[in-house]
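Sequence order for the protein chains is A and B.
1151 is the number of the first residue of the first sequence in my numbering; add one for each residue after it.
133 is the number of the first residue of the second sequence in my numbering; add one for each residue after it.
Everything on this sheet refers to the single structure shown next.
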Amino acid sequence: AQSVTQPDIHITVSEGASLELRCNYSYGATPYLFWYVQSPGQGLQLLLKYFSGDTLVQGIKGFEAEFKRSQSSFNLRKPSVHWSDAAEYFCAVAITSGTYKYIFGTGTRLKVLA
Amino acid sequence: ETGVTQSPTHLIKTRGQQVTLRCSSQSGHNTVSWYQQALGQGPQFIFQYYREEENGRGNFPPRFSGLQFPNYSSELNVNALELDDSALYLCASSSEGSHSGYTFGSGTRLTIV
């Protein structure tokens, strides 16, 4: 079955520290992968996406993610976190057979300590 | 280009009532999808509309229905509201055949009391 797992429900880091949010997916075909960020009460903003090619993708706000097919992972990273990065982060895989839709993970809530 | 706009932003209804949520898709996008995001959860796919017809549905009962209009805007209707319908409802638009991803609206927060 198709699924996305984000093993960390909450993560707390200090401002200026590095960040890695984990994402594992289960999908039989070539995955199209996404990371979104959601501030409280808001919709979803696209951080970055992977379709093919270079497995290290750059996104907005200084985020990057690395696709590792052998590990079925698409982890999100940032070298130095800013207080404004506090939000909830969602990983998603696009289902491209039949109706195009996303399967989302349950999200990781990031708290940033000053 | 304009993004995806949803209305209203917040809504309170009582059990058993009916509700209609609205979405205007991003310019140039012809496909609209609706997602339900319960508190503390990731969004769940409800259904998708293309060319004014539903062309895919998630695991939601028939009391969840929708419409798409010729200008690609869309409505989500929910009948016989239940307490568990309380959630953030997200509309997302895209171009059919494109895998560049969705553009999401800011959502409608629906509270059932």
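We put the beta carbon where it would ideally sit given N, CA and C, even for glycine.
It should be emphasised that the depicted structure is a prediction, and the values quoted were computed from it without experimental measurement.
Proximity to residue i [Cα-Cα], best of the options
i: B/Val164; options: B/Thr152, B/Leu171, B/Glu184; result: B/Glu184
i: B/Gly237; options: A/Ala1179, A/Ser1189, A/Ala1237, A/Asp1235; result: A/Ser1189
i: B/Val210; options: B/Ser227, B/Gly174, B/Ser225, B/Leu153; result: B/Leu153
i: A/Gln1192; options: B/Cys223, B/Asp217, B/Arg195, B/Glu207; result: B/Cys223
i: B/Ser225; options: B/Gly172, B/Glu207, B/Ala170, B/Asp217; result: B/Glu207
i: A/Phe1254; options: A/His1160, A/Ile1161, A/Asn1174; result: A/Asn1174
i: B/Gly188; options: A/Leu1263, A/Tyr1252, A/Thr1256; result: A/Tyr1252
i: A/Pro1181; options: A/His1160, A/Ile1159, A/Phe1217; result: A/Phe1217
i: A/Cys1241; options: A/Leu1198, A/His1160, A/Thr1162; result: A/Leu1198
i: A/Ser1153; options: A/Tyr1200, A/Ala1179, A/Gly1212, A/His1160; result: A/Ala1179
i: A/Ile1159; options: A/Leu1196, A/Val1262, A/Thr1256; result: A/Thr1256
i: A/Glu1214; options: A/Ser1220, A/Leu1183, A/Gln1221, A/Leu1194; result: A/Leu1183
i: B/Tyr234; options: B/Trp166, B/Gln149, B/Val151; result: B/Trp166
i: B/Phe192; options: B/Asp216, B/Leu171, B/Gly172; result: B/Asp216
i: B/Thr137; options: A/Asp1235, A/Leu1194, A/Ile1210; result: A/Leu1194
i: A/Lys1211; options: A/Arg1219, A/Ser1220, A/Val1187, A/Phe1201; result: A/Val1187
i: B/Arg195; options: B/Leu242, B/Val151, B/Ala170, B/Thr243; result: B/Val151
i: A/Arg1219; options: A/Ala1151, A/Tyr1177, A/Pro1157, A/Leu1196; result: A/Tyr1177
i: B/Arg147; options: B/Asn162, B/Cys155, B/Ser218; result: B/Ser218
Residues sharing a beta bridge with residue i, DSSP
i: A/His1160; result: A/Arg1259
i: A/Tyr1186; result: A/Leu1196, A/Phe1240
i: B/Arg154; result: B/Ser139, B/Glu207
i: B/Thr243; result: B/Ile144
i: B/Leu213; result: DSSP, once it has assigned bridges, lists no residue as partnering B/Leu213.
i: A/Thr1155; result: A/Asn1174
i: B/Gln176; result: B/Gln168
i: B/Thr235; result: B/Ser225
Host beta strand (DSSP E) of residue i (start-end)
i: B/Gln169; result: 163-169
i: B/Cys223; result: 219-226
i: B/Gly188; result: 185-189
i: B/Ser197; result: 196-200
i: A/Arg1219; result: A/Arg1219 -> no beta strand (DSSP E), and no H or E assigned at all.
i: A/Val1207; result: 1206-1208
i: A/Lys1211; result: Here A/Lys1211 belongs to no beta strand (DSSP E), and DSSP marks it neither H nor E.
i: A/Phe1201; result: First-last for A/Phe1201: undefined, no H or E at that position.
i: A/Tyr1252; result: 1251-1254
Anticipated Cβ contact below 8 Å, residue i with residue j, distance rounded
i: B/Tyr181; j: B/Gln168; result: Contact doesn't hold; Cβ gap of about 15 Å is too wide.
i: B/Leu220; j: B/Gly239; result: 4 Å
i: B/Gly160; j: B/Phe177; result: Not a contact, Cβ separation roughly 22 Å.
i: B/Gln158; j: B/Gly135; result: 6 Å
i: A/Tyr1239; j: A/Leu1260; result: 6 Å
i: B/Gly198; j: B/Glu186; result: 7 Å
Between the region 135-146 of chain B and the region 1200-1213 of chain A, are three or more C-beta pairs nearer than 8 Å? no
Does the region 1224-1241 of chain A come within contact of the region 1160-1168 of chain A, defined as at least 3 CB pairs closer than 8 Å? yes
When you compare the region 1168-1184 of chain A with the region 1215-1226 of chain A, are there three or more beta-carbon pairs, one atom per stretch, that lie closer than 8 Å? yes
Using 8 Å as the cut-off, can you tell me whether the region 202-213 of chain B makes contact with the region 1241-1251 of chain A, which would need three or more C-beta pairs spanning the two stretches below that distance? no
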